[in-house]
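A.B. asks: First the structure, which I've put down as structure tokens, then a few questions once you've had a look.
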Amino acid sequence: MDCCEFREKYSDFADGQLDEEAELRARRHLSLCAPCRRFDAAFRTGVRALRDLPSVEVSRTFGERLKSQLRHELIVRALAVDPLSGAIAAMLVLVTVGLVTWDLAELHATRHTAAAVAVNPMPPVAIRLPPPVQVRIDTTQIFGDVSNAFDPVLLVADTSPAPEPDAPRFDIPAVWGGR
Amino acid sequence: MSERDVTLVAHASLRATRPTPASAFADLDDSHVVQAFLDGQSRAFDELVTRYQARLLNFIYRTIGDRERAEDLVQEVFIRIYRHLHRFDQTKKFSTWAYTIASNLAKNELRNRSRNPLVLFQAIKKHWEADHRPLQFEDSSSRPDDMYHKRHLRSLVEQSVEQLPEHHRVVFVLRELEGKTYEEIAEITGCNLGTVKSRLNRARNSFAAIIAPHLD
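If you read the protein sequences in the order shown, they are chains U and E.
Just so we're aligned, residue 350 is where the first sequence starts under our numbering, counting upward by one.
Just so we're aligned, residue 893 is where the second sequence starts under our numbering, counting upward by one.
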């Protein structure tokens, strides 16, 4: 057996599937040929290392992801078998998912607002009110000069806060005469 | 009806309505688990997933060399099994059918990658990162040079498998890692026995030729 024949029959040789005579010839060639010996050793070492490689495991989320895809598959199948029932089932699923999502979003928003208020309460707001307007009613047009008499309107007007110097002032006649 | 009879009937009706736990299928062979699923016991599918998820993941991972993508493809395998199990010929082996689906998906993935250089770059980058990991003390009795040699060999064999042409690689992984017979490989790959033998011989020759210079 030469190198070419040895390589051609190598797979059967490695699996022990050569007949007895071919097996003997292959072994004889191997004992005489260093390159083929090196080739055979490389193959066996490589395969051993390959089998010793750590096996990979599925991730933790694998099962959940698969179940979710299979649920989707069920809906698709239901739609294909009976479009009406399938559509109703799909709508029910969608409505349920929508409600749950909406509920979760509401809950999230409430928690978010509450957390934001707790963390960052509303700062005090400075409200600037317009200056008070003094209203003075000219009662002399009604009662004549009664400066010494008790005048409840003026009394009420007098109890208002003192006007600021630049406050606008309106003098309104007690009886609107018109034009 | 006595009180005992009533209890027995109640238990029987409970058994009839309660779904069978997945562990109940653990002792059955694949064909019986498949039959149970087709008879409406949905938990039987969980048992099939438990049995095959790691095997299919390793097969696809060794074929395409990308862990995350391999997991996506295993998901796809199970979806296809779920979708088409009613059409599965139960005179055949379930495992062969599952591997056939996995093999086809892996081959499609390799074909798509050859058309998309970005994916190739990502695969190269991943190997680069793996090469630059610090040495891990897997076995405290090992010497650092032994560990280095071991890791070098692992990386070498992984790369050697990836260098095999696609149709040789599938046959090689099925034979050397999954331990499939020639007949099973022929069924999985859809080739005749002669083609399988020829491809496997070429794959083994290429694998040895790639590794040999690095082992001297």
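Using N, Cα and C, we set each Cβ at its ideal position, and we do this for glycine too.
1. Please name the residues in the segment 1067–1093 of chain E whose beta-carbon is closer than 7 angstroms to at least one beta-carbon of chain U, in chain order.
2. Are the segment 1061–1081 of chain E and the segment 419–431 of chain U touching, with three or more C-beta to C-beta distances below 8 angstroms?
3. Does any C-beta atom of chain U lie closer than 7 angstroms to the C-beta of residue 901 of chain E?
4. Report yes or no: do three or more beta-carbon pairs, one from the segment 994–1003 of chain E and one from the segment 438–448 of chain U, lie closer than 8 angstroms?
5. Touching or not, the segment 1052–1067 of chain E and the segment 931–945 of chain E, by the rule of three or more beta carbon pairs under 8 angstroms?
6. Would you verify that the beta carbon of residue 399 of chain U is, or is not, closer than 7 angstroms to some beta carbon of chain E?
7. Can you give me the start and stop residues for the alpha helix (DSSP H) that residue 1157 of chain E sits inside?
8. In three-state DSSP terms, what is residue 990 of chain E?
9. Using DSSP with H/G/I as helix, E/B as strand and the rest coil, what is residue 399 of chain U?
10. Got a sec: which bits of the segment 393–419 of chain U sit with their beta carbon under 8 angstroms from any beta carbon on chain E, in order along the chain?
11. If we define contact as Cβ-Cβ less than 7 angstroms, is residue 1020 of chain E a contact residue for chain U?
12. Can you round the beta-carbon distance between residue 955 of chain E and residue 1049 of chain E to whole angstroms, since I take them to be within the 8 angstroms contact cut?
13. Go through its chain and collect everything with a Cβ distance to residue 978 of chain E's Cβ below 7 angstroms, but skip five positions before and after it.
14. The alpha helix (DSSP H) spanning residue 353 of chain U covers which residue range?
15. Mind checking which residues open and close the alpha helix (DSSP H) that includes residue 1086 of chain E?
16. Just to confirm, are residue 1074 of chain E and residue 1088 of chain E a CB contact at a threshold of 7 angstroms?
17. Is there a Cβ of chain E sitting closer than 7 angstroms to that of residue 439 of chain U, yes or no?
18. So, at 6 angstroms on beta carbons, what are the nonlocal neighbours of residue 438 of chain U in its own chain, with the 5 sequence-adjacent residues on each side left out?
19. Classify residue 1068 of chain E as buried or exposed, calling it buried when 16 or more other Cβ atoms lie within 10 Å of its own Cβ.
20. Between the Cα of residue 412 of chain U and those of E:952, E:971 and E:953, spot the shortest distance and give me the residue it belongs to.
21. Assign residue 1093 of chain E to one of two classes, buried (16 or more other C-beta atoms within 10 Å of its C-beta) or exposed (fewer than that).
22. Just reading off the alpha helix (DSSP H) that residue 374 of chain U is part of, what are its end residues?
23. Give me the chain U residues within the contact set of residue 995 of chain E, using Cβ-Cβ distance strictly less than 7 angstroms, ordered along the chain.
24. For the alpha helix (DSSP H) containing residue 980 of chain E, name the first residue and the last one.
25. Would you call the segment 353–365 of chain U in contact with the segment 1091–1106 of chain E, where contact means no fewer than 3 C-beta pairs closer than 8 angstroms?
26. Quick one: give me the first and last residue of the alpha helix (DSSP H) that residue 928 of chain E is part of.
27. Ignore the nearest five residues each way along the sequence and tell me which others in residue 1085 of chain E's own chain have a CB closer than 8 angstroms to its CB.
28. Are residue 936 of chain E and residue 928 of chain E touching if we call contact CB-CB under 7 angstroms?
29. Could you give the residue range of the alpha helix (DSSP H) that holds residue 478 of chain U?
30. Who are the Cβ neighbours of residue 969 of chain E in its own chain at under 6 angstroms, not counting the five residues just before and after it?
31. Would residue 385 of chain U be called buried (16 or more neighbouring beta carbons within 10 Å of its own) or exposed?
32. For residue 986 of chain E and residue 922 of chain E, I'd like the C-alpha separation in whole angstroms.
33. Is residue 1054 of chain E helix, strand or coil when you go by DSSP?
C.D. replies: Inspection of the coordinates gives the following:
1. 1068, 1069, 1089, 1092 and 1093
2. no
3. Reliability of the predicted coordinates at residue 901 of chain E is poor, the pLDDT of 45 falling under 50, and the value obtained from them is presented with this limitation in mind. No, its Cβ sits nowhere closer than 7 angstroms to a Cβ of chain U.
4. no
5. no
6. yes
7. With chain E covering only 893 through 1108, there is no way to say anything about residue 1157 of chain E.
8. helix
9. helix
10. 394, 395, 396, 398, 399, 400, 401, 402, 404, 405, 406, 407, 408, 411, 412, 414, 415, 418 and 419
11. Residue placement at residue 1020 of chain E is flagged as unreliable, the pLDDT there being 43, under the threshold of 50; the coordinate-derived value follows with that caveat. Cβ-Cβ to chain U under 7 angstroms: no for residue 1020 of chain E.
12. Not really, about 14 angstroms apart at Cβ, beyond 8 angstroms.
13. 930
14. 352–357
15. 1085–1107
16. yes
17. no
18. 427
19. buried
20. E:971
21. buried
22. 369–381
23. Within 7 angstroms Cβ-Cβ: nothing; residue 995 of chain E doesn't reach chain U, min ~17 angstroms.
24. Unbroken run through residue 980 of chain E: none, as it is neither H nor E.
25. yes
26. 922–930
27. 1074, 1075 and 1078
28. yes
29. No alpha helix (DSSP H) holds residue 478 of chain U; DSSP gives it neither H nor E.
30. 948, 993 and 994
31. buried
32. 6 angstroms
33. helix
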